[in-house]
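A.B. asks: First, the structure itself, so that you have it in front of you.
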Amino acid sequence: MADAETEIQSLKERPQDADALPSDIRGYHRRTKHAPTRYALGPAFLDWTSQPSPFRRFDGAPRIELPLRDREETAPFPGPALRAAPLDRMALGLFLELGFGISAWKSYEGSTWALRNNPSSGNLHPTETYLLANAAEGLGETAALYHYAQEDHALERRADFETPLVLPEGGFLLGLSSVPWRESWKYGERAFRYCQLDVGHAIGAAAQAAAALGWRAHLLCEPGDADIAALLGLDRPDASHRREEEHPDALLWIAADGNAPP
């Protein structure tokens, strides 16, 4: 009981100036958790004129439109193990639709917003999705980096590679990143927490979508943040809009069961 009272008192008395910002994750955790006597710091009100868009677009990038599949074409949850789908435009379209696509549009009093298959705190969707894949039917003849544009269910081709990626055959890399401003606009200093929560949602959604195609999702422990940023092109000065910086989160290997990660 004494420990709890001490913790509450320390939270109430914590300094709020910039010089007191935490220098490690434990300090951030202590600073941004709610307590019985107070909430973590956040905006005093919502400025709807500065609400960030939940959709990232890369103007001028070549686009590959992805097909939407009928519900009857997906496998039922119970049943025998699925035969792995071939890696092509049709299969990737279904994977991205099931894992990260728009599930519905809603309207109320003149406002319209989208819901997606991957859950998100506050429906703010800070998570961005990328693919690194070798040549595949319907995609292109060279290895490339793609960004998934949910609003249009399309792949934006961000970069081409002169040589094939050193990846096992029949799989691809799925990159996940976060735009923290989409969360901090509403939740203030707790934004990093919600970004990590949503990345977890995205990883789970990717695993479920992969299973529907007879694939498996493997979360890779390596490479680290700097290497993921380089792979996804997030380390470039022009990689994101001002105040909407994009941070690397995770890299997954998606392939048929038994096709070992790189």
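Under the working numbering, the letters of the sequence shown match residues 283 to 544, in that order.
The beta-carbon is built from N, C-alpha and C at its ideal position, and this holds for glycine as well.
1. In chain order, which beta strand (DSSP E) runs of at least 3 residues are fully inside the region 431-474?
2. Taking the alpha carbon of leucine 397 as the point to measure from, which residue in Pro446, Asp341 and Phe337 has its own alpha carbon closest?
3. In whole angstroms, what is the alpha-carbon distance linking arginine 351 and leucine 376?
4. Candidates Gly404, Arg320 and Gln478: which alpha carbon is nearest isoleucine 253's?
5. Label glutamate 423 either buried or exposed according to how many other C-beta atoms from any shown protein chain fall within 10 Å of its C-beta, with 16 as the threshold for buried.
6. Pick helix, strand or coil for aspartate 507, following the three-state DSSP scheme.
7. Between the alpha carbons of leucine 414 and tyrosine 428, how many angstroms are there, rounded?
8. Can at least three beta-carbon pairs, one atom from the region 497-505 and one from the region 435-450, be found at a separation below 8 Å?
9. Measuring alpha carbon to alpha carbon, tell me which of Asp341, Asp517 and Leu421 ends up nearest aspartate 442.
10. For serine 332, which residues does DSSP report across the bridge?
11. Tell me leucine 414's beta-bridge partners as DSSP assigns them.
12. Hey, could you find the ends of the beta strand (DSSP E) arginine 398 is sitting in?
13. Could you confirm whether any beta carbon from chain B is found closer than 9 Å to the beta carbon of leucine 364?
14. Indicate the three-state DSSP secondary structure (helix, strand or coil) for glycine 420 in the structure shown.
15. So which of Asp329, Ala511, Leu495 and Pro544 has the shortest CA-CA distance to methionine 372?
16. With the cut-off set at 9 Å, would you say phenylalanine 382 and alanine 532 are in Cβ contact?
17. Checking the sheet assignment: what are the DSSP bridge partners for threonine 409?
18. In terms of residue numbering, what span does the alpha helix (DSSP H) encompassing histidine 311 cover?
19. Quick one: Cα of serine 466 to Cα of tyrosine 321, how far?
20. Closest to glutamate 410 by C-alpha separation, out of Trp330, Asp539, Leu514 and Arg524, would be which residue?
21. Terminal residues of the continuous beta strand (DSSP E) containing alanine 537?
22. Would you call the CB atoms of leucine 406 and arginine 464 closer than 9 Å?
23. Using the three-state DSSP reduction, which class does arginine 524 fall into: helix, strand or coil?
24. Just checking, does the region 467-487 make contact with the region 385-404 on the three C-beta pairs under 8 Å criterion?
C.D. replies: Reading from the atomic positions:
1. 436-442 and 454-460
2. Phe337
3. 6 Å
4. Outside the shown range of the chain, which is 283 to 544, sits residue 253, and nothing can be said about it.
5. By the 10 Å Cβ count, glutamate 423 comes out exposed.
6. helix
7. 6 Å
8. no
9. Leu421
10. In the DSSP secondary-structure assignment, serine 332 is not bridged to any residue.
11. Leu427 and Leu455
12. Unbroken beta strand (DSSP E) run through arginine 398: 393-398.
13. Among the protein chains of the structure shown there is no chain B, as only one such chain exists.
14. coil
15. Distances from the CA of methionine 372 to each of Asp329, Ala511, Leu495 and Pro544 were compared; the closest alpha carbon is that of Leu495.
16. no
17. Ser460
18. 307-314
19. The straight-line gap from Cα to Cα measures roughly 15 Å.
20. Answer by Cα proximity: Leu514.
21. 529-538
22. yes
23. coil
24. yes
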